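> Residue numbers (my numbering): 135 to 417.
Attaching a single structure in structure tokens format; questions to follow.
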């Protein structure tokens with residue numbers, strides 16, 4: 135069942151849970167996430183990240199994700215993650231995506247607002263939800279993505295609650311990606327999550343909060359961020375790592391290896407990882 139991000143997160147708000155947003159740059163990853171969701175009877179978000187276009191172009195994977203969502207027995211949102219190019223956002227919408235993220239967080243505040251409003255105006259006529267980001271989400275040096283460096287512990291890397299309130303009011307987005315201490319990629323040290331700031335953002339904006347860099351946290355951290363207003367958790371690096379580790383083990387213990395077997399091994403391991411994530415997010 136294909137639904138918008140707004141619809142998916144409204145259900146999450148009522149149930150006080152978070153929907154897992156899984157970046158799936160391969161068919162194996164997409165099938166693993168979908169099968170995990172259907173077996174657990176849970177909604178999810180199938181996402182394609184702009185940065186993954188080099189691995190799998192949007193025009194190839196996009197129609198597959200939309201078709202999988204339409205045939206699914208659970209609510210599925212198909213989402214463009216970290217879209218920075220307006221043409222790519224329009225392409226995703228034309229393919230049938232029901233949600234897009236416009237990431238202009240690297241720009242000054244007014245320019246960020248301007249870019250987001252442009253996308254919101256375009257999507258509102260097409261029943262497509264919009265996520266935007268405010269604050270600086272940095273990249274880890276492992277797994278690609280954004281890392282967190284708290285060497286100065288300055289508020290500049292975090293989302294300011296008052297600024298977030300203004301940002302949401304001016305843009306009318308459906309979900310806000312906020313920076314409160316998580317990172318993209320593999321954690322190199324214990325994350326320092328600012329739960330109080332997160333709660334202020336959620337209460338001040340009245341919008342669902344999105345947690346990027348959602349892999350690798352403690353189970354109690356997930357529970358706490360969900361109770362503080364997180365309704366969408368982006369999850370990729372640790373599922374991809376689980377698939378790779380399973381393949382590595384398989385290759386090291388088999389004499390004759392065929393490529394199709396490797397993809398099956400990776401899919402099984404990722405599915406198990408996705409299932410565990412969904413169980414935690416829905417708890």
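For each residue, glycine too, the CB sits at the ideal point set by N, CA and C.
Quantities reported herein were computed from a predicted structural model and do not represent experimental measurements.
Can you tell me whether residue 155 is helix, strand or coil according to DSSP?
Secondary structure of residue 155 (DSSP, three-state): strand.
> Taking residue 223 as part of the alpha helix (DSSP H), name the residues at either end of that continuous run.
220-229
> With a threshold of 8 Å, are at least 3 pairs of Cβ atoms found where one atom belongs to the stretch 156-167 and the other to the stretch 326-340?
Contact annotation: the stretch 156-167 does not touch the stretch 326-340, with fewer than three C-beta pairs closer than 8 Å.
> Can at least three beta-carbon pairs, one atom from the stretch 169-185 and one from the stretch 401-416, be found at a separation below 8 Å?
yes
> In or out: residue 399 buried (at least 16 other Cβ within 10 Å) or exposed?
Buried is the label assigned to residue 399, since at least 16 other Cβ atoms lie within 10 Å of its Cβ.
> The alpha helix (DSSP H) that contains residue 391, what's its start and end?
From DSSP, residue 391 is part of no alpha helix (DSSP H); its letter is neither H nor E.
> Between which two residues does the alpha helix (DSSP H) harbouring residue 175 extend?
In the DSSP annotation of this structure, residue 175 is not part of any alpha helix (DSSP H), being labelled neither H nor E.
> Any idea if residue 189 is buried or exposed, counting beta-carbon neighbours within 10 angstroms, 16 or more meaning buried?
exposed
> What does DSSP give as the partner residues of residue 217 in its beta bridges?
236
> Among the residues of its own chain, which have a CB less than 8 Å from the CB of residue 174, if the five just before and after it don't count?
409, 412, 413, 416
> According to DSSP, residue 182 sits in a beta bridge with which residue or residues?
214
> Return the Cβ separation of residue 312 and residue 269 in integer angstroms, given the expectation that the two are a contact with Cβ distance under 8 Å.
6 Å
> Count the other CB atoms within 10 Å of the CB of residue 403; is the residue buried (16 or more) or exposed (fewer)?
Residue 403 should be labelled buried.
> Out of curiosity, what's the CA-to-CA distance linking residue 192 and residue 184?
8 Å
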